[in-house]
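Visitor: Taking my numbering, the leading residue of the sequence shown gets 245, the next gets one more, and so forth.
The C-beta atom is built at its ideal place from N, Cα and C for all residues, glycine as well.
Small disclaimer: the values here were computed from a predicted structure and weren't measured.
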Amino acid sequence: MILDLARLFVFPALMAFAASSDLLTMTISNRVSLLLIAGFLILAPLTGMPLAAIGLHVVAGMAVLVVAFACFALGWIGGGDAKVAAAAALWFGFDHLMPYLLFAAVFGGALTLLMLQFRQWPLPYALAAQPWLSRLHGRDSGIPYGIALALGALMVYPQTAWVQAVDLARLAMP
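#1: Does the count of Cβ pairs from the region 277–290 and the region 312–320 closer than 8 Å reach three?
#2: DSSP state of TYR389, grouped into three classes?
#3: Applying the 10 Å Cβ sphere with the 16-neighbour rule, what's the burial state of TRP376?
#4: Quick check: is the beta carbon of GLY299 nearer than 8 Å to any beta carbon in chain D?
#5: By how many angstroms is the C-alpha of MET359 removed from the C-alpha of ASP384?
#6: Compare the C-alpha of TYR389 against each of GLY299, GLY337, ALA348 and name the closest.
#7: Taking LEU393 as the reference, which of ILE272, LEU249, ALA250, MET245 has the closest Cα?
#8: Ordered along the chain, which non-local residues of its own chain (more than five positions away) have a Cβ less than 6 Å from that of LEU371?
#9: DSSP state of ARG275, grouped into three classes?
#10: Where GLY382 and ALA262 are concerned, what is the direct C-alpha to C-alpha distance, given to the nearest angstrom?
#11: What does the alpha-carbon distance come out to for the pair VAL410 and LEU357?
#12: State the start and end residues of the unbroken alpha helix (DSSP H) segment that holds ALA326.
#13: Do GLY324 and GLY386 have their C-beta atoms closer together than 8 Å?
#14: Could you give the DSSP three-state label for MET399: helix, strand or coil?
#15: At what residues does the alpha helix (DSSP H) containing THR269 begin and finish?
#16: Leaving out five residues before and five after ALA326 in sequence, what residues of the same chain have Cβ atoms less than 6 Å from its Cβ?
#17: Of the residues TYR401, ARG379, VAL407, GLN361, which one's Cα is nearest the Cα of MET270?
#18: Taking Cβ positions, are ALA330 and ALA397 nearer each other than 8 Å?
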């Protein structure tokens, strides 16, 4: 039961935290990525994932890390975004990697368009006093892409073996 609860909540909670952190501070702490990696490395063997499958998940995470850091070097995404994307890919492996990347790209494009539009409007005085909102509104500020990464991850996660293996009826019983 504890493993089932961990499967249901660890990954989504950390991704939601990454998104909210990126929204409010325009940074994602390294701790979030490290916790995602640690969560995977603890839960994968405990839930019976074969060693070969764990290895393939690690390769998927490393592949995304290489590409994401190239994007970071080009100034397209932040370093925290690159690390979170790779840590999420670790959880998805190659089986769900492409849907994750597709959802993240679509949400990222929509977020970028929304942010560009948002930055065209003046902030009302009452809202301008909020430092996080002022920072987000700044034209020279980046896009909190961690939001798109988290939304993409949360769209795909229910389709993974992590969630599919949970017996929800057993969890609902008192």
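Guide: According to the data block:
#1: No, because fewer than three Cβ pairs between the region 277–290 and the region 312–320 fall closer than 8 Å, the two stretches do not touch.
#2: Shown here, TYR389 sits in coil according to DSSP, grouped into three states, outside any helix or strand.
#3: So TRP376 ends up on the exposed side.
#4: Absent from the structure is chain D; it holds one protein chain and no more.
#5: Going by the C-alpha atoms only, they are around 12 Å apart.
#6: Among GLY299, GLY337, ALA348, the Cα nearest to that of TYR389 belongs to ALA348.
#7: In terms of CA proximity to LEU393, ILE272 leads the group ILE272, LEU249, ALA250, MET245.
#8: Spatial neighbours of LEU371 in its own chain (CB-CB distance under 6 Å, excluding positions within 5 residues in sequence) are listed in chain order as LEU377.
#9: ARG275: helix per DSSP, three-state reduction.
#10: The straight-line gap from Cα to Cα measures roughly 21 Å.
#11: Taking C-alpha positions only, VAL410 is separated from LEU357 by approximately 37 Å.
#12: From DSSP, the alpha helix (DSSP H) with ALA326 extends over 323–336.
#13: Taking 8 Å as the Cβ cut-off, GLY324 and GLY386 do not qualify as a contacting pair.
#14: Here MET399 sits in helix by DSSP.
#15: Start and end: 246–269.
#16: ALA312, PHE313, PHE316, listed in sequence order.
#17: Nearest option by C-alpha distance: ARG379.
#18: At the C-beta level, ALA330 and ALA397 stay beyond 8 Å of one another.
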